[in-house]
Amino acid sequence: MIRLPHRFNRLQTLGSQSRETLARTQVLERSWPFFLDLCIAAIGLACFYAVVRIAMFWAGTAEPDIVISLRPRALPLYAFYSVVRIGLAYLLSLVFAVGYGYLAAYNKRAEPIMIAILDILQSIPVLSFLPGVMLAMVALFPTRQLGVEMGAIVLIFTGSVWNMAFSFYSSLKSIPKELVEATGIYRFSAFQRLVQLELPYAAIGLVWNSIMSVAGAWFFLMACEMFHLGSRDFRLPGLGSYLQTAADSGNGAGIAWGLGTMVAIIVATDQIVWRPLIAWSDKFKFEAVESNKRVSSPILHLLTHSNALASVLRHTTTPLSESIYARLAARRERKLMRLAEAGAPAGRRRTAVLQIVLLVAVSGVVLFAAFQAVQLLRPVQGSEYLQIAKGALATFLRVNLSLALAAAWTIPVGVAIGFHPRLARIAQPLAQIAASVPATALFPVILIALVQIGGGMGIGSIALMLLGTQWYILFNVIAGAMAIPSDLKEVATLFHFTTIQRWKTVILPGIFPFLITGMVTASGGAWNASIIAEYFRVKNQTLQTVGLGAQISAATESGKFPLLLLATIVMALMVVTTNRLVWRPLFRLAETRYKLGN
Amino acid sequence: MPAAIIRAERVEKYYAQPSENRIQVISPTDLSIVPGEIVALLGPSGSGKSTLLRMLTGLSAPSAGQVYWHEKPIASADANVSIVFQSFALFPWLTVLENVEAPLKARGMEPAERRRRSIKILDTVGLDGFQAAYPKELSGGMRQRVGFARALVVEPEVLFMDEPFSALDVLTAENLRSELLELWQKKTIPTQAIFIVTHNIEEAVLLADRIVVLGRNPGHIRTDFKVSLPHPRDRKATAFTQLVDYIYKVLTQPDAKPPALPTTPTGKPVRDQRQMHYQMLPHARPGGIAGLLELVLDHHGKDDIYRLADDLAFEIDDLLPIVDAAQLLGFLTVNEGDAAITSTGTEYANGEILRQKELFRTAAVENVLLLRQIVRAVEAKSDKSVPEDFFHDMLDEQFSEEETLRQLETAISWGRYAELFDFDASRRRFIQPEKLVHETDVEHTSRTEGEIDA
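In the order they appear, the protein sequences are chains A and B. The working numbering puts the first sequence at residues 163 to 760. The working numbering puts the second sequence at residues 30 to 483.
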């Protein structure tokens with residue numbers, strides 16, 4: 163669900179990784195019947211009901227008070243806690259994404275349902291998962307702290323997993339047919355196919371989406387580490403809660419310290435983790451000729467040339483994988499022998515019957531729970547429906563206004579940067595640094611300033627959405643402008659096109675596919691950001707404005723589950739509908755008419 | 030005759046359609062591969078060569094019929110076969126050595142033995158010293174050598190090759206072909222039989238001990254004969270050229286008797302595509318047809334197709350659709366592998382562009398049902414436009430999805446060229462062409478043709 167600010171840096175690789183960033187295209191092209199939509203909606207409602215039911219049942223233990231210290235000395239420990247949390251959540255996301263993508267790609271029957279579930283889940287904002295996840299986790303783990311920690315980790319996970327799952331799935335679906343046939347004819351086991359074909363093929367997409375996911379995790383860190391749920395106040399020691407507390411008390415120095423630490427960590431992660439990863443994943447590029455543009459990383463160089471590491475690997479993973487291969491080959495032979503002796507496999511009918519029984523049982527339970535969830539909506543009053551409708555409209559306008567504003571400044575600037583290599587050399591690193599700061603961390607500063615000059619949350623929320631999402635559009639526009647062939651530009655010069663004609667016939671059509679990619683990502687991000695952008699605590703007061711995001715946040719904080727459910731449904735509905743009605747047709751147009759080359 | 034290693038018995042491939050009929054790709058076919066021979070499978074595109082190869086290897090299961098490996102069903106047998114792919118299908122992230130070792134790894138072989146065998150086979154195919162290279166660092170020919178090494182390292186009983194040389198340049202292909210032949214003849218490799226799919230007739234005659242020619246719609250065996258020319262074979266020898274000429278004749282002649290129609294156990298009707306409503310449009314561009322006719326005219330109006338192909342350095346997949354199209358439009362007649370230009374054909378080849386279009390228009394409306402129907406539908410509608418889906422659905426009854434799209438694409442290209450109709454790509458509708466005043470007409474048409482040829 164999170165397609166939020168990340169450093170779309172290293173523009174030179176942007177073109178070649180369009181397959182990965184366009185992972186959503188595959189979904190936008192997918193159509194599924196209305197019936198399936200209903201099923202998914204029912205399943206979603208059912209899950210919600212189940213979690214809330216369990217959560218309400220288990221809730222109600224006292225909590226120890228954790229006081230967030232604002233002294234800078236506390237920062238290293240807090241930062242460490244936050245990094246561990248994000249790291250664990252990321253690992254969880256990776257494992258889940260690979261498993262989910264694999265199942266979805268290879269199970270024909272489950273595929274459409276699983277992809278539909280992904281599409282809907284990623285349109286649900288993080289905070290809507292919060293009550294269920296948090297209450298369930300606290301109840302699941304007897305040690306209080308562990309429960310809350312697990313809750314925060316799962317929350318971050320829900321914010322970062324979906325795009326990775328999409329990426330892995332679409333990579334699997336686009337593996338060239340002859341490579342798959344080669345693994346078949348040379349008797350690769352599923353394990354060998356995963357290690358030697360599927361994971362390498364998906365590696366580049368996974369790396370890029372990992373970067374996006376972790377950036378998203380930083381964006382929502384404040385929301386995930388400190389929040390109210392009904393009468394309960396959850397807080398975890400961490401960088402996010404530090405920033406939140408500093409904002410709460412209006413402590414300028416605290417905010418500055420927190421921000422500085424966060425930026426330092428992000429820059430360090432980039433150097434220590436992402437750059438080596440990107441450089442390493444270069445070898446998985448599926449291309450016929452070697453490209454000369456490469457990302458270099460001293461750390462990767464160190465790792466690959468380390469004798470110690472090599473010898474460790476030689477004594478651990480190598481023998482292990484050898485024994486796995488030997489065992490798999492033996493198993494395959496035994497299976498063939500049995501097949502040759504037994505002839506046709508028996509007992510197929512029994513499994514079919516079992517499947518049908520299972521299907522009926524599951525759909526029965528789902529239907530019941532969905533019905534119950536709808537019952538949960540009963541206490542919602544007419545006026546509240548009206549409020550939500552109003553909020554939805556306000557947020558819708560806000561999201562689109564921020565998109566329009568972002569496009570208005572990024573298109574000319576992006577085209578200018580893309581057309582002038584010398585300007586690009588100066589502007590690009592600056593933009594990358596600017597984009598690397600999570601907008602949420604800057605938000606308190608901006609809000610305090612806004613309040614002082616008399617602005618309110620209305621402007622503030624648009625500013626945050628803009629801050630969080632403009633980079634997607636900017637970096638995509640730059641890439642698009644760079645991709646316009648120079649002969650097209652020369653034609654425009656040769657025939658003395660007027661400026662308007664130039665933009666209409668060369669530049670806008672040329673950047674169109676890139677612009678759409680950026681806008682889709684930005685739009686999803688802006689919807690998600692609305693939960694923070696429209697409702698924020700600063701200087702001991704809660705600033706909020708009319709909007710769906712504010713309603714979700716408020717409902718979470720006051721523990722009004724029916725209202726939270728309703729608002730979440732409305733938001734998911736709006737996001738999915740916009741994707742279908744607006745972005746999908748535009749994507750198709752970009753793919754057909756405005757595709758440059760081939 | 031020695032016992033067959035692989036024997037296909039009445040194998041066929043079809044796709045079930047949602048409606049009552051189904052698309053037959055390959056009609057029931059018997060085929061055996063016996064030890065000691067190189068079999069070449071030739072056929073025009075759309076005759077199911079690759080599909081047949083994949084069924085023989087056990088990669089894809091036939092819709093009906095059975096493939097036997099040493100008289101055991103291939104699905105439960107441990108068939109020792111390899112495939113050399115047209116696209117090489119190497120793993121770009123593995124080194125040359127790792128690529129070659131991968132199949133042995135899958136068989137659970139010891140690391141030391143695995144390495145020894147891989148290096149030996151790399152040596153055999155001439156890749157000594159390239160072990161640590163990645164495929165993307167190699168040229169096409171070197172990459173295909175890795176493909177060969179990987180296929181041979183498992184010591185397959187039957188080596189399958191799916192157009193292995195068609196992605197290579199002429200000289201590299203020639204070089205690799207002769208090296209393969211040498212390995213085979215000197216018995217350097219323990220392979221019992223080689224099965225090669227190709228659309229290059231000369232390649233088949235150069236290599237094969239036996240040639241199987243497939244026809245299409247649906248795929249079926251047209252002829253299956255032995256080649257007893259001694260090696261090394263001389264392309265210029267009379268026996269060689271006669272054989273090539275003969276294969277061209279087989280390929281261009283209509284079937285004397287259509288292949289037997291398969292019967293379905295479920296009682297669903299299987300229709301022979303040639304007896305169906307729409308004829309299959311050959312995927313040729315109008316510009317290509319004009320070019321071919323001019324060439325025939327240069328050859329005094331009549332010549333061997335084989336010689337024409339030679340002149341153009343075309344392979345059959347390139348040439349046959351154009352010949353078929355010219356034949357369909359009545360510009361060319363083909364008899365016994367000889368192409369002869371008709372009187373309209375001559376006029377077409379000599380005409381200037383507007384006259385060419387006129388002739389093409391008349392011929393197309395007269396001979397091509399689909400174009401005739403599109404024109405009539407567009408004229409009949411009050412808004413002078415018909416959605417593409419309408420014709421898509423009709424063609425879908427008869428062709429596979431992929432073929433339907435290609436049929437529509439060809440129809441659009443012909444219709445636009447002949448100015449029978451235009452196609453609005455953003456609304457996916459057939460529309461009436463815009464009539465222009467005469468002065469700009471010439472300019473406009475020449476531009477359109479430029480686009481079609483591009």
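Idealized CB from N, CA, C, for every residue including glycine.
First through last residue of the beta strand (DSSP E) which encompasses residue i
| i | result |
| --- | --- |
| T679 of chain A | That residue, T679 of chain A, is in no beta strand (DSSP E); its alpha helix (DSSP H) goes 670-695. |
| Y94 of chain B | Note on residue identity: the sequence assigns Gly, not Tyr, to residue 94 of chain B. 93-98 is the extent of the beta strand (DSSP E) around G94 of chain B. |
| K331 of chain B | 331-333 |
| Q703 of chain A | 703-706 |
| Q53 of chain B | 51-62 |
| V577 of chain A | Unbroken run through V577 of chain A is the alpha helix (DSSP H), 544-581; no beta strand (DSSP E). |
| D157 of chain B | Looking at the DSSP string, D157 of chain B is not in any beta strand (DSSP E), and its letter there is neither H nor E. |
| Y634 of chain A | Careful: Y634 of chain A lies outside any beta strand (DSSP E), inside the alpha helix (DSSP H) at 619-645. |
Residue i - partner residues in DSSP beta bridges
| i | result |
| --- | --- |
| I223 of chain B | B:I67, B:L188 |
| Q308 of chain B | According to DSSP, Q308 of chain B bridges with nothing at all. |
| V110 of chain B | B:V187 |
| V241 of chain B | B:L70, B:D253 |
| V125 of chain B | For V125 of chain B, which the question treats as bridged, DSSP gives no partner whatsoever. |
| D263 of chain B | None; D263 of chain B has no bridge partner. |
| F698 of chain A | A:L705 |
Residue range of the alpha helix (DSSP H) that includes residue i
| i | result |
| --- | --- |
| E211 of chain B | 199-214 |
| Q713 of chain A | 710-720 |
| Y446 of chain B | 430-446 |
| L88 of chain B | First-last for L88 of chain B: undefined, no H or E at that position. |
| L235 of chain B | 230-236 |
| L253 of chain A | 237-268 |
| D274 of chain B | 267-281 |
| R174 of chain B | 169-181 |
| A611 of chain A | 601-614 |
Sequence-distant residues of the same chain with beta carbon closer than 8 Å to residue i, five excluded per side
| i | result |
| --- | --- |
| R336 of chain B | H328 |
| S403 of chain A | I230, Y240, M384, E387, M388, R397 |
| S393 of chain A | G721 |
Beta-carbon neighbours of residue i, restricted to chain B and to distances below 8 Å
| i | result |
| --- | --- |
| E343 of chain A | R83, L88, I112, F114, A118 |
| F448 of chain A | P121 |
| P274 of chain A | Going along chain B, no residue has its Cβ under 8 Å from P274 of chain A, so there is no contact; the nearest lies around 17 Å. |
| R271 of chain A | Ordered by position in chain B, no residue passes the 8 Å Cβ test against R271 of chain A, which lies about 17 Å from the chain. |
Interface residues of chain A facing residue i [CB-CB closer than 7 Å]
| i | result |
| --- | --- |
| G94 of chain B | The premise fails here: G94 of chain B is roughly 17 Å from chain A at the closest Cβ pair, so nothing lies under 7 Å. |
| A135 of chain B | Y348, R349, F350, S351, Q354, A491 |
| A131 of chain B | Y348, Q358 |
| P140 of chain B | E484 |
Contacts that residue i makes with chain B (C-beta to C-beta distance below 7 Å)
| i | result |
| --- | --- |
| Y487 of chain A | K134, G137 |
| E340 of chain A | F114, S116, A118 |
| L465 of chain A | Near L465 of chain A there are no residues of chain B at all, since even the closest Cβ is about 17 Å away, more than 7 Å. |
Within chain B, partners of residue i - CB distance below 9 Å
| i | result |
| --- | --- |
| P362 of chain A | F120, P121, W122, L123 |
| Y722 of chain A | With the sequence shown as reference, residue 722 of chain A is identified as Lys, and Tyr is not the correct amino acid for it. Correct list: empty, because the minimum Cβ distance to chain B is about 48 Å. |
| L498 of chain A | S105, A106, D107 |
Residues near residue i in its chain [Cβ-Cβ closer than 6 Å; skip 5 each side]
| i | result |
| --- | --- |
| S414 of chain B | R458, I460 |
| F389 of chain B | A447 |
| L650 of chain A | V668 |
Own chain partners of residue i with C-beta closer than 7 Å, once the 5 adjacent residues on each side are dropped
| i | result |
| --- | --- |
| A729 of chain A | I550, L710, Q713, I714, A717 |
| W324 of chain A | M163, L280, L283, Q284 |
| V404 of chain B | V394, L449, F450 |
| P64 of chain B | P31, I34, Q221, A222 |
Chain-ordered neighbours of residue i on chain A, where CB pairs are closer than 8 Å
| i | result |
| --- | --- |
| D425 of chain B | Per Cβ cutoff of 8 Å: no residues; D425 of chain B is ~18 Å from chain A at best. |
* Runs of beta strand (DSSP E) wholly within the segment 341-424 of chain B (minimum 3 residues, chain order) -> 361-364, 367-370, 414-416
* To do: With a floor of 4 residues, list each alpha helix (DSSP H) that falls wholly inside the segment 366-416 of chain A, ordered by position along the chain.
  => 383-387, 401-410
* Asked: Unbroken alpha helix (DSSP H) runs of length 4 or more, entirely within the segment 314-358 of chain A: which are they?
  -> Every unbroken stretch of the alpha helix (DSSP H) spanning 4 or more residues and falling wholly within the segment 314-358 of chain A is given here in chain order: 339-347, 352-355.
* **Secondary structure, alpha helix (DSSP H): runs of 4+ residues fully inside the segment 431-501 of chain A** => 437-443, 460-466, 469-477
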